[in-house]
Structure formats: C-alpha cells, structure tokens
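The numbering used here applies: residue 5 is where the first sequence begins, and numbers increase by one.
Report on the structure given below.
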Amino acid sequence: MLGIQEAATLLGVTMRTLRFYEDKGLIAPHRSGTMRIYSRREIGRMQLILRGKRLGFSIREIKEFLDLYDVDPEHHEQVRALKDKVAERITDLRKQKHAIEQTLDELVSIERQALAWLDGSPIRPVDD
DNA sequence: CTTCTGACA
DNA sequence: TGTCAGGA
C-alpha cells in the first residue's frame, strides 16, 4: 500500500496525474480517511493506462478496456475488444504515415527547386 | 510538511 | 497536466 507520492514516483508520473486519472474513472484508490492509498491493483492498472497512452489510445478507450478487466475475470471480451482497437490504431497510424511521407516528398521537392534556383541565379534573393 | 479539492492557464 | 489557493 503506497501513498500518492510514492505511487507517483514508482510510476514515473506526478501526483496530479494520478488524481487526474482517478477523476476520469480509470482508477479508484482506497482511502485512509481522505488520503489516497494505492495498492497493487491501482499500480497495475496505472501501468496499463500508461502503456495505452504511449501507444496512442485515448483515455476513454483505455477506460473501456480496463472496465472489461473487472467485469470479465477470464478476459474474453477484453482480448476481442483489444484486437479491434489495436487494428484500428494500426490503420490510423499507417494512414498518418502515408500523409507524412506525402508531405515529406512535397517539402523535398520544394527544397530541390530552391537549391536549383540558387545555383542557377546570378543574383540570389538574400545575401547570406 | 504532505495531501485534498477546485479553478484557471 | 502544471500550478496556485485555502483548508485539514
């Protein structure tokens, strides 16, 4: 059982972050009076939350997944839901990747034109 | 001195 | 999320 400061340090986040996720309903630490107590469960859930965040999932998506973790002890729906979300995420990232590559090609093209112009022009636009 | 809630940036 | 206020 850890206090908020200890839990935050262990997880590599701030106390604010822990309170924030609690506010969003992703974790529900026990209370010792008004003080929050973080048990193994909250720590574990937080690690899953942080990983989900790293992978680009929204707090809502992470919450939905976590909620299933409680309702279905054997984790059947979870795996299926997770599979769909992951596939969705992969599709989304590939789409973004494509967009980035397109933008990159365009920028490189402009760069080439600019360099060509500088090489072929007797007088350059700026004097550096 | 640490934590809590709520508000604002 | 950071930070500050005002209490406990």
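A virtual CB, placed ideally from N, CA and C, is assigned to each residue, including glycine.
- Residue pairing of His-34 in beta bridges, as defined by DSSP: Ile-41.
- Burial state of Ile-31 is buried, judged by a 10 Å Cβ sphere holding 16 or more other Cβ atoms.
- Selection Arg-93, Leu-108, Gly-16 evaluated against Met-50 yields Gly-16 as nearest (Cα-Cα).
- With fewer than 16 other CB atoms across the displayed protein chains lying within 10 angstroms of its CB, Arg-84 is exposed.
- Closest option to Arg-55, judged by alpha-carbon separation, among His-79, Leu-70, Gln-117: Leu-70.
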